[in-house]
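Participant: Encoded as structure tokens, here's the structure I'll be asking about.
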Amino acid sequence: MPFVKFSGTKIYYERAGTGRDLLIISGTGSDLRLPRQPVPQIDDHFRVLRYDHRGLGQSSAEDEDISMANFADDAAGLLQMLNIDEIDVIGISFGGMVAQHLAIRHPKLVRKLILACTSPGGSTHSSANLVELMNLALEERQRSWLEMFDTRYQSGTKGEHFVYLLEKLIKQNPSMFPNDASDGLIRQIRARSGHDLSEELGNISQPCLIVGGKYDGIAPPKNLHYLSNQILYSQLRFFEGGHSFLWEDDLAWETISAFLAEDDDTL
């Protein structure tokens with residue numbers, strides 16, 4: 043299995059495909075052992091690097107207290123261990139928070155930046171409070187999670203489609219719904235709650251595409267508008283869907299691929 047080790051941290055990673063290097067930073071509770079839906083617009087054109095965050099999946103770390111800076115430095119450490127000097131970066135949800143820190147802390151490593159369904163943090167533009175969510179009873183947590191995932195489905199919504207969405211959500215995010223959350227997930231959620239780059243986004247100088255779902259309650263549209271207003275070289279696009287719009291609207295990945303290919307005739 044491919045691992046890199048540095049500063050008491052062991053990071054599991056996977057690398058596949060051919061083409062220009064692309065790093066995808068995943069969201070809260072992600073685990074590369076879970077099934078992944080293919081994305082031909084990306085998989086067929088890039089050499090894609092994915093990894094498990096410290097304390098999750100097959101990655102581990104000795105630190106008890108973890109900050110967002112640690113997560114960003116993990117990504118930078120992985121790139122440096124793989125001798126990658128510059129790379130395009132897609133950050134999804136929590137991964138988008140990490141990507142913001144990466145672009146600011148290690149700007150030379152990031153060529154282009156895509157921030158998907160994510161938030162800048164701070165008192166007015168923070169993401170959904172997952173610390174409170176994890177303290178709920180399991181059934182209430184499931185219902186609240188779905189309502190945040192897609193604001194079209196509120197607690198009064200009934201019918202088979204609501205049940206289908208809930209089952210799909212639980213299958214895609216099993217680590218969010220255990221009876222007892224893992225220590226790694228708890229530490230990740232605590233670090234996430236402290237994310238705040240609302241006053242530092244002007245330091246992101248890379249070309250940036252910001253994408254989100256029209257009905258996302260976890261990273262609501264106002265948060266993405268704020269990101270776009272603060273990041274100098276940015277574009278903003280919204281798509282049909284909620285927090286999982288990337289897998290709901292076919293135009294989303296096509297737009298991302300086109301943004302990455304704007305100055306590359308080989309794609």
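So for the sequence shown, the numbering used here puts the first residue at 43; every next one is plus one. Each residue gets a CB set at the ideal place from its N, CA and C atoms; glycine is no exception.
(1) Under the three-state reduction of DSSP, which class applies to Ala261: helix, strand or coil?
(2) Beta-carbon separation of Ile361 and Ala117 under 8 Å?
(3) Counting C-beta neighbours from all protein chains within 10 Å, is the total for Gly244 16 or more, i.e. buried, or is it exposed?
(4) Here's the rule: buried if 16 or more other CB atoms are within 10 angstroms of the residue's CB, otherwise exposed. What is Ser101?
(5) Just to confirm, are Phe113 and Gly69 a CB contact at a threshold of 8 Å?
(6) So, helix, strand or coil for Val29, using DSSP?
(7) Could you compute how far the alpha carbon of Glu104 sits from the alpha carbon of Arg75?
(8) When you compare the segment 278–290 with the segment 177–192, are there three or more beta-carbon pairs, one atom per stretch, that lie closer than 8 Å?
(9) Between the Cα of Phe54 and the Cα atoms of Val46, Gly61 and Glu296, which residue gives the shortest distance?
(10) With respect to the beta strand (DSSP E) encompassing Thr51, which residues constitute its N-terminal and C-terminal limits?
(11) Quick one: Cα of Gly236 to Cα of Gly138, how far?
(12) If you follow the beta strand (DSSP E) that Arg75 is in, where does it begin and where does it stop?
(13) Pairing CB atoms from the segment 244–253 with CB atoms from the segment 154–166, are three or more of them under 8 Å?
(14) Starting from the C-beta of Glu296, find all residues in its chain whose C-beta is less than 8 Å away, skip the five residues before and the five after it, and write them out in chain order.
(15) Could you please give the first and the last residue of the uninterrupted beta strand (DSSP E) stretch that includes Gln184?
(16) Cβ of Gly138 less than 8 Å from any chain D Cβ?
(17) In angstroms, rounded to a whole number, what distance separates the CA positions of Ser240 and Thr166?
(18) May I ask you to report which of helix, strand or coil DSSP gives Ile298?
(19) Can you give the Cα-Cα distance for Thr60 and Phe88, rounded to whole angstroms?
(20) Could you round the C-beta distance between Arg147 and Ala179 to whole angstroms and report it? I think they count as a contact, below 8 Å.
(21) What's the gap between the Cα of Arg92 and the Cα of Arg62?
(22) Can you list, in chain order, the residues of its chain with a C-beta nearer than 8 Å to that of Leu274? Leave out the 5 residues immediately preceding and following it.
(23) For Gln79, count neighbouring C-beta atoms within 10 Å of its own C-beta (all shown protein chains included) and say buried if the count is 16 or more, exposed if not.
(24) What are the uninterrupted segments assigned as beta strand (DSSP E) that are 3 or more residues long and contained completely in the segment 91–175, given in chain order?
(25) Secondary structure at Ser247, three-state DSSP: helix, strand or coil?
(26) May I ask you to check if the CB of Trp187 is nearer than 7 Å to at least one heavy atom of the ligand MN?
(27) Is Gly236 helix, strand or coil when you go by DSSP?
Facilitator: Looking at the coordinates:
(1) Three-state result, Ala261: coil.
(2) Past the boundaries of the shown model lies residue 361; the chain is included only from 43 to 309, so the question cannot be answered.
(3) Exposed is the call here.
(4) When all chains shown are included, Ser101 counts as buried.
(5) No Cβ-Cβ contact shorter than 8 Å links Phe113 with Gly69.
(6) Coverage of the chain is limited to positions 43 through 309, which leaves residue 29 absent and any answer about it impossible.
(7) Just so you know, the alpha carbons of Glu104 and Arg75 end up roughly 22 Å apart.
(8) Three or more beta-carbon pairs separated by less than 8 Å link the segment 278–290 to the segment 177–192, which places the two stretches in contact.
(9) Reading the sequence as shown, one finds Tyr at residue 54 and not Phe. Checked all of Val46, Gly61 and Glu296; the closest Cα to Tyr54 is Val46.
(10) Counting along the chain, the beta strand (DSSP E) containing Thr51 begins and ends at Thr51 to Ala58.
(11) Computed Cα separation, rounded: 14 Å.
(12) First-last for Arg75: undefined, no H or E at that position.
(13) Yes: at least three Cβ pairs fall under 8 Å.
(14) Answer for Glu296: Gln83, listed in chain order.
(15) Taken as a continuous stretch (DSSP letters only), Gln184 belongs to no beta strand (DSSP E), being part of the alpha helix (DSSP H) at Leu180 to Phe191.
(16) Here there is only one protein chain, and chain D is not present.
(17) Their Cα atoms are separated by approximately 9 Å.
(18) Helix, per DSSP.
(19) Straight-line Cα distance between these residues: approximately 5 Å.
(20) In this structure Arg147 does not touch Ala179 by the C-beta definition: roughly 38 Å separates them, more than the 8 Å allowed.
(21) Between Arg92 and Arg62, the C-alpha separation is close to 14 Å.
(22) Listed in chain order, the non-local C-beta contacts of Leu274 below 8 Å within the same chain comprise Gly244, Ile246 and Ser247, local neighbours out to five positions each way being set aside.
(23) Residue environment: Gln79 is assigned as exposed (fewer than 16 neighbouring CB atoms within 10 Å of its CB, all protein chains considered).
(24) For the beta strand (DSSP E) assignment, the uninterrupted runs of no fewer than 3 residues enclosed by the segment 91–175 are, from N- to C-terminal side, 129–134 and 152–158.
(25) In this structure, Ser247 counts as coil in the three-state DSSP scheme.
(26) For the structure depicted, the ligand MN is absent and the ligand set is empty, with no information on it obtainable.
(27) Reduced to three states, the DSSP call for Gly236 is coil.
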